[in-house]
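The structure appears right after this line, and notes come after that.
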DNA sequence: TTGAAAGCGCTAACAC
DNA sequence: GTGTTAGCGCTTTCAA
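Chains as they are written, first to last, in my numbering: chain A, 9 to 360; chain B, 9 to 360.
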């Protein structure tokens, strides 16, 4: 491979020579300029400008500094919710002058652990993740103990002193289910998978609360993956005994349900009323526009990232920092699958 | 900030001591083991295993090596097409033992240039991007000259010797428009924005080819952004003179069109036939399932990433490498918005 | 307030 | 085949 004769890197010593000072002085100026006289600072800054000096990050890291990079781990980028979230995190990071190392855990704890290790070994300044790990059994606690700020999104890791940004899952679900009850439904089933995740668990809680409050019997259908949804619907909706309404616990479940109902020839909301957690991009254009609990992935990512940079900026070690838990609101978007009439997004439909 | 007493990093010299050899020998073993006797190699590997040694990437980079990181720049992660693509790239990178630095250019060339610089200054092993830059006026050419392998996805940068993975845009569009013509339409308009992008340009080309071939007059509606779509549709579809069919140039255009048509009370396919480029996740569940040209974002990302790692592995300098251009196929998915009857995804509908 | 020296962990170049 | 030396660019001491 031929050496390329492009402009060679300008180093701190080039700047020092240009400004007629020691490297150390340049370093001080670059890092905030404490203990450097105004006149020298000015000279150094001019030299930096003139030479186009950019600090070499590898050298800083080698000396034990943190990289100007944050790590982000999401289950997958192929899901709109997570990718929107990642987009927001990345935007905030850029605004703070950081780059973003993004990895996907494929919803697997071992993968997540490996990725955390890789990121830490690259001295990321902070870690933001939608965790698979439920309890701080593994690497995460160690990592935090070693001084890396951590923010979890959408879920929590028990026993970890990380900051958390969550969503009003229970309240959001409660509101949706109450709306179905208001429509007169007595038999409302609740369908979903990944029920051990905090977010899903809380939604089930909200569903249960609303049902109990109305004196109704909760009916929870847990499946082990989205693939099992057509089968369970087939089975449960066969007889005349089936529920008259359904609450789906996330967007994938809603979509799978929609496909299954279409195949089975079940019409919304006549044969079955439906409300789901998570908005769908095209929800209002569907054959029957779907009533949903909307949560903002963008807000989740943005808030989480800002929280992380607060921690990074403060420089306080994670253990000494009080734990922050932010909970973002949800919004019930009433369309037609619940039984409401009227134009899509018609404000009148909300009148109760 | 307190020093943490967790297991301190094990370095190459720890391994050397443990194995009773020089650091250099350990380095050789780690980097492939050339010129090291089998017995010594074995001893060194055992020491590495025993101590859990992980090479320090910052130190390697400082010595001028490439990072085991690739850079990926997409316009945004908030668009399913790009995020699916990013997901695929990241998966491939993981399989090759690399991490992925993802940035979004927000469709702005200046941002893209800055991000390229930041990535290069971190010694990424390669760069994969959906470029905004149309001509290799800027940084990209320099970067390539300096020996960083580059792959562009979905678009090309003129004058750059990068490898490219593209989509059969023209043929795909042609096929869709021919299908509309087959339905008997004579007045078919073509709607979209970002028309200077290669992908969109090629789709327009395909549209034009199909129209000319049938002796029909092309009618191209270019708007400057997706926001202008409702307005132009309002204007153009008002009189009785309007077209009887519409071909939309990307998924955002299709979605905006759908919303606008709904507002205007225009029914598909009775009042207007529609076919679009790019599949929509829920296309088959819409009031009228949409006929689309499907392209695989996953395949685009996967293929591009593999191509990049071929380049990285080969170690040949980019200029000496023959330019590769891969073109992925598209698929016409016939649903109902074009005027075809029958169940959604019904194979019979394709019978011509 | 400024500077000199040492060394972070690694590998290229050159001994032996 | 294996070891020694030097130094990548920066910041942490410590001295002035």
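C-beta atoms are modelled at their ideal positions from N, C-alpha and C, and glycine is treated no differently.
The Cβ of residue 66/A sits closer than 8 Å to at least one Cβ of chain B. For residue 339/A, the uninterrupted beta strand (DSSP E) run begins and ends at 339-341, by DSSP. The criterion of a C-beta distance shorter than 8 Å is satisfied by residue 96/A and residue 313/A.
Look at the stretch 237-301 of chain B and you find these whole runs of beta strand (DSSP E), each 3 residues long or longer: 253-256 and 281-285.
Checking the DSSP bridge columns, you'll see residue 136/A partnered with 80/A and 159/A. For residue 95/A, the uninterrupted alpha helix (DSSP H) run begins and ends at 88-103, by DSSP.
Residue contact check for residue 270/B against chain A: a CB pair falls below 8 Å.
Of the candidates 183/A, 280/A, 164/A and 244/A, the residue whose Cα lies closest to the Cα of residue 302/A is 183/A. Of all alpha-carbon atoms in 247/A, 246/A, 281/A and 249/A, the one lying nearest the alpha-carbon of residue 262/A is that of 281/A. Distance from the CA of residue 211/B to the CA of residue 330/B, rounded to the nearest whole angstrom, comes to 27 Å. Looking at the DSSP output, residue 213/B sits in no beta bridge, so it has no partner there.
Listed in chain order, the non-local C-beta contacts of residue 162/B below 7 Å within the same chain comprise 138, 174, 175, 207 and 308, local neighbours out to five positions each way being set aside. Setting aside the 5 residues that flank it on each side, residue 52/A is surrounded in the same chain by 27, 34 and 37, each with a C-beta closer than 6 Å to its C-beta; the list follows chain order. Annotation for residue 203/A: 209, 212 and 230 place their beta carbon closer than 7 Å to its own, counting only its chain and skipping 5 residues before and after. By the criterion of a C-beta distance shorter than 6 Å, residue 315/B is surrounded in its chain by 159 and 171, once the five residues flanking it on both sides are discounted. The C-beta of residue 21/B comes no closer than 8 Å to any C-beta of chain A. Around the Cβ of residue 279/A, a 10 Å sphere holds fewer than 16 other Cβ atoms; the residue is exposed.
Taking 8 Å as the threshold, the shortest C-beta distance from residue 81/B to chain A does not fall below it. Scanning chain A for C-beta atoms nearer than 7 Å to the C-beta of residue 209/B yields nothing, as the closest lies near 26 Å away. In this structure, the beta-carbon distance from residue 141/A to residue 120/A falls below 8 Å. Contacts with chain A at 8 Å (Cβ-Cβ) do not include residue 196/B. For residue 331/A, the three-state secondary structure derived from DSSP is coil. Interface with chain A (8 Å Cβ-Cβ cutoff): residue 130/B is included.
If you draw a 10 Å sphere on the C-beta of residue 321/B, you find fewer than 16 other C-beta atoms in it, and that means exposed.
Nearest to residue 290/A by C-alpha distance, out of 224/B, 267/B and 199/B, is 267/B. With respect to the 8 Å criterion, residue 294/A and residue 293/B are classified as neighbours on the basis of their beta carbons. Sixteen is the threshold: since fewer than 16 other Cβ atoms of the shown chains lie within 10 Å of the Cβ of residue 43/B, the residue is exposed. Assignment of residue 227/B by DSSP, reduced to helix, strand and coil, places it in the strand class.
Contact between residue 130/B and residue 105/B is absent: CB atoms are separated by about 17 Å, not below the 8 Å threshold.
The beta carbon of residue 283/A does not come within 8 Å of any beta carbon belonging to chain B, so the residue lies off that interface. Taking residue 271/B as the centre and dropping the five residues before and after it, the same chain places the C-beta of 238 closer than 8 Å to its C-beta, in chain order. Between residue 181/B and residue 285/B a beta carbon distance of about 6 Å is seen, short of the 8 Å cut, so the two are scored as contacting. For residue 95/B, the residues of chain A that pass the 8 Å Cβ criterion are 84, 85, 86, 91 and 112, in the order they occur in the chain.
When 255/A, 92/A and 49/A are compared, the shortest CA-CA separation from residue 219/A is found for 255/A. In this structure, residue 112/B places its C-beta atom within 8 Å of the C-beta atom of residue 83/B. Within the stretch 253-278 of chain B, contact with chain A at the beta-carbon level (separation under 8 Å) is assigned to 263, 266, 267 and 270.
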